[in-house]
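Per full-length UniProt numbering, the sequence shown runs over residues 1 to 945. Shown next, in structure tokens, is the structure this report addresses.
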Amino acid sequence: GEPQSVPPAGRLVEAVELVLPPQSRPPGPCADFRTPPRLQPAPPGRPLVGGNDCGMVAWLLTLRTPECPQGRSVIAVANDITWGSGSFSPAEDAVFRAATEAALEERLPLLYLAANAGARVGLATEVRDCLQVQWHDPQQPELGWEYLYLAQRDYERLIKNTPPGAPPVVRAEPIPAPDGSGELRFIVRDVIGAEDGIGVECLSGSAAIASAYCRAWREGYTVTLVSGRTVGIGAYLARLGRRCVQRADQPIVLTGYAALNKLLGRQVYTSHMQLGGPRVMGVNGVSHHVVADDLEGVRTVLQLLSYAPPQLGAPPPPLPSADPADRPVGYSPGPGEKLDPRAAIAGREQPPSSTATPTPPSSSSSSSSWQSGLFDRGSWLESQAGWARTVVTGRARLGGLPVGVIAVESQTVVRQLPADPGMPDSCESAIPQAGQVWFPDSADKTAAAMEEFDSEGLPLFVLANWRGFSGGMRDLFDGVLQAGSLIVERLRTYRQPVFVYIPAGAELRGGAWVVVDSQINAAAVEMYADPSARGGVLEPEGVCEIKFRTPDLLKMMHRIDPIITAARARGSSPTDPAIRARERELLPTYTRIARTFADLHDTPVRMAAKGVLSAIVPWPSARAFFTTRLRRRLLERQLLRHAATTDPSLTPERAERLLAAWREAAEAATAGTAATSAAAKGPLSPMTRQLLQLALDCGGGGAGGGGTAGGAAPPPAAEKVQRATPTAESPMGPVTSEDETAAAAAAAKTRALPATTQQLVNLAGGGGRNGRKSSGGGAVSHATPPPSLPTALIGDAGVAAAMAAEAEAESAELVSGQCCAETCTARDKAFLTWAESPAGRSQIAAELRAMRCSAAENMVAQVLGTPEGKEGLLHALQSAVAHDNVLALQLRMLLQSHASGGGGSSGGAGSAAPALASMVGSSTAVGGGGFGNLGVHFQPQTTQL
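This is the structure:
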């Protein structure tokens, strides 16, 4: 029902069973789990149900889903719980490992349907049924036995029935019978058994599939659906596959409860659910999702697959949505209300008692009571909701594009630790965990989510709202420091775009800022903040306790309070009782003033001035901003992947220069389009004017002479201050030479601003109002005075007033966040428009083609640098020209051109001729006859070049 949706191309589900070829010696199912053969489709005539020859079944599934209506392939492998209770023997391990390797080889997702009893346990029944005992006293068996043996006829029968090439069923030592009958007895020393899969080989097979499944998660994509009891190796597989969906009535355990009771020597546990039900596995992070039944489990698996790429290495599939990408975010925390992370992500129904401003009607809202979130409505899928509940993780879509999301719980939660019946002195405990704080479990959950999202190729959104890490003794003992360090490592190696956003009313402080700062991975991480967000080392109260203490407050009172200053002017002592009483009266008010002053150091304006933010993005417009920004960054990464594939030697520096060139081309194309539009349609819109000014600045200075591209120094003409023209609105009269001198001094002072101030000006201006250069490091020109001041500046007072007004205007722009966010959006849209246009596609293709030719030329030059390389190239050419007449003709023309001195032929042939001539000279020594020895004979024929 979504707009622009494509109907499925065929049946929703198609399945082809995959089997291993049977082994001949010994006959039976393939049990080689070390190097299993490739899976192949089941032979015709095999029963669809019950045709398997072991307790593991595999399929190649074709699923036609909304995000892949043409179909996506998935390899599924499942336990057959009706075969040996679903236990794992070498035959089952061989099928499982072959399915895992097939999924990796075909680069397909792997789905494991778990319902098993762990590794298989058995005995050699053929030996057991004929086993004999030599008692010390046959009349008193309780005295024990001397040895276990087989009769001669039984031993010979067992040896005779052993298949060719198989080890003996039993190893026995012959001795004469003690009764003197002359018969032999065979004392049993070792039992091997005829059946494979009754002992330690099952454990070795379990290790093999554990390694294979772990590799499949690391290098591929795995999902586990626990639809039945899962024991031992099955439990390990559920954890190793990471994305685990557990039925609420099925346990995940390592050992059965009966075995544990025998080990403890008393009846302690009463069921498997007590050991590994959702109350345990859904809370400790093993199970990502807990579902009521198999139908809900399959639905959850399909949801997880919808965020995964159809084939490993491909981008995750987009899904058209009815939720407009440019709509405002409807949910916003009210005054004094903390941010609800799930409402911020997915939206919510407006509470009846809420006094918040209603959401404007839109096509994405079914009713006026719906408050929309940042991401597409209905796309949010939370993972591990029961574990480490101070952090919220899951997957969602933004403008139809799948992303990973990490948010913060702002309310206090209670962590329940159950009592263990196996420990009589244990008791259930409830540990409160404050919101907006990273604890050991929640930090571990954050790092694990980053690792999963990165392996799935998902861009990451972090809605940051942390006050720091918990630093108590118990938390340090539980590993909060290790988990926090793991966050740094996961973010450092994250390969997809990362957006760290401090939303409305949120804060990011201390060590929590450090582990998500953009400098952890400058190539991938960008940081943004809402104008009401806050960030700093400590909270204002903590800063005041250190840097604005009571003595500093008293000094401030004595400096600005009129009553105290009047009393001091009359000669009163600072210890005067009236002054002391006044200080006590004012101290609470001044304490609040100090907190407010400290809070002013934590605003996004200061963050932007210090270069730690990419933009100030208001919360209501965050969805539109991040949708465009995400598309832009994904497109850039796609272009860089193409460039890296074209030239494997491409360095990050060269890649960044290539991107910069494409950005400049996009801005220049936008400028040309804007100029054409202006000539044809009249006045420009504010956005188009901004794009035009931006492109002109990047191209070497625009209307304001803001600078040159690439950070070069501006031309001398840009250093001149334009002569101000007296106007009727100017109350200061004609401009004199002194006025020009003052204006020039003002411009020089502005150009000499510190780097942080320049950064603030560049970030706010974006090539807009006063002709400033938003990027590239060009000089800042103040040719046009602020509108609120006279046209000409006179004296130092005028210069100071102009600079103060200018700083106030820039601060106002940064506080509102409109200038910086809109500039970034304008650039993103310009780049997307250019890259998707025919001109942009042609330019990118041409540059990639040139890179490919350059890489090939460098490779050939390296090959020709050694005699072995020349010889190998000659042999390769000999093989090529034998099958490609056009190539042979081109080579002959190239040699003729070089021989006649025409080295400047078109197509670069002249530049390649010396190398080819050198190669031909080398071929004379190798083949003894020059180019003719390659065996190339040109036949007269029509060839079109």
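A virtual CB, placed ideally from N, CA and C, is assigned to each residue, including glycine.
The alpha helix (DSSP H) enclosing residue i, as first and last residue numbers
i	result
G510	510-516
P432	Per DSSP, P432 belongs to no alpha helix (DSSP H); it is in the beta strand (DSSP E), 429-433.
D340	Where D340 is concerned, there is no enclosing alpha helix (DSSP H), given that its DSSP letter is neither H nor E.
P396	Strictly speaking, residue 396 in this sequence is Ala, with Pro absent from that position. Here A396 belongs to no alpha helix (DSSP H); instead the beta strand (DSSP E) covers 391-398.
V245	First-last for V245: 244-247, but that is the beta strand (DSSP E), not the alpha helix (DSSP H).
Q843	838-863
V480	480-492
residue 1016	Outside the modelled stretch of the chain, which goes from 1 to 945, sits residue 1016, for which no answer is possible.
T591	577-599
N878	Residue identity check: residue 878 is Gln in the sequence provided, not Asn. Unbroken alpha helix (DSSP H) run through Q878: 867-881.
W834	818-835
D475	473-477
DSSP-derived helix/strand/coil call for residue i
i	result
M919	In this predicted model, M919 has a pLDDT of only 42, less than 50, meaning its place in the structure is not dependable; the value taken from the coordinates is given anyway. Three-state result, M919: helix.
Q311	coil
P7	coil
E545	helix
residue 980	The structure shown does not extend to residue 980, since the chain spans only 1 to 945, so no value can be given for it.
H558	helix
W466	coil
D444	helix
A292	coil
A407	strand
S900	coil
W662	helix
I252	strand
E507	strand
Q23	strand
R38	coil
L302	helix
F375	coil
V437	strand
E349	strand
P358	In this prediction, P358 scores a pLDDT of 49, lower than 50, which makes its location untrustworthy; no coordinate-derived value is stated.
L458	coil
P141	helix
L48	coil
L891	helix
P551	helix
P402	strand
Residue i, enclosing beta strand (DSSP E) - first and last residue
i	result
F499	498-502
S383	381-383
G536	534-536
Y149	145-151
P176	170-176
R415	413-417
Per DSSP, the bridge partner or partners of residue i
i	result
L60	V16, I75
I616	A529
I187	Y149, E173
residue 946	Because the chain in this structure spans residues 1 to 945, residue 946 falls outside the shown range and cannot be described.
Q132	Y149
W387	Answer by DSSP bridge pairing: none, since W387 is not bridged.
Short CB-CB distance (under 8 Å) between residue i and chain C
i	result
Q267	In the structure shown, chain C cannot be found, because there is only a single protein chain.
beta-carbon residue i near the ligand MG non-hydrogen atom, thresh 7 Å
i	result
N284	Absence of the ligand MG is noted for the structure shown, with no ligands found whatsoever.
*Segments of 3+ residues assigned as beta strand (DSSP E) that fall wholly inside the region 65-127*: 68-79, 110-114
_Continuous alpha helix (DSSP H) assignments of at least 4 residues falling wholly in the region 601-645_ = 604-609
*Is the number of C-beta pairs between the region 22-32 and the region 270-286 that are closer than 8 Å three or more?*
no
*When the Cβ atoms of the region 55-75 are set against those of the region 183-196, are three or more pairs found closer than 8 Å?*
No, the region 55-75 does not touch the region 183-196.
*Which whole runs of the beta strand (DSSP E) in the region 204-284 are 3 residues long or more, in chain order?*
222-226, 244-247
_Taking 8 Å as the cut-off, does the region 660-671 touch the region 822-842 (at least 3 CB pairs, one atom from each stretch)?_
yes
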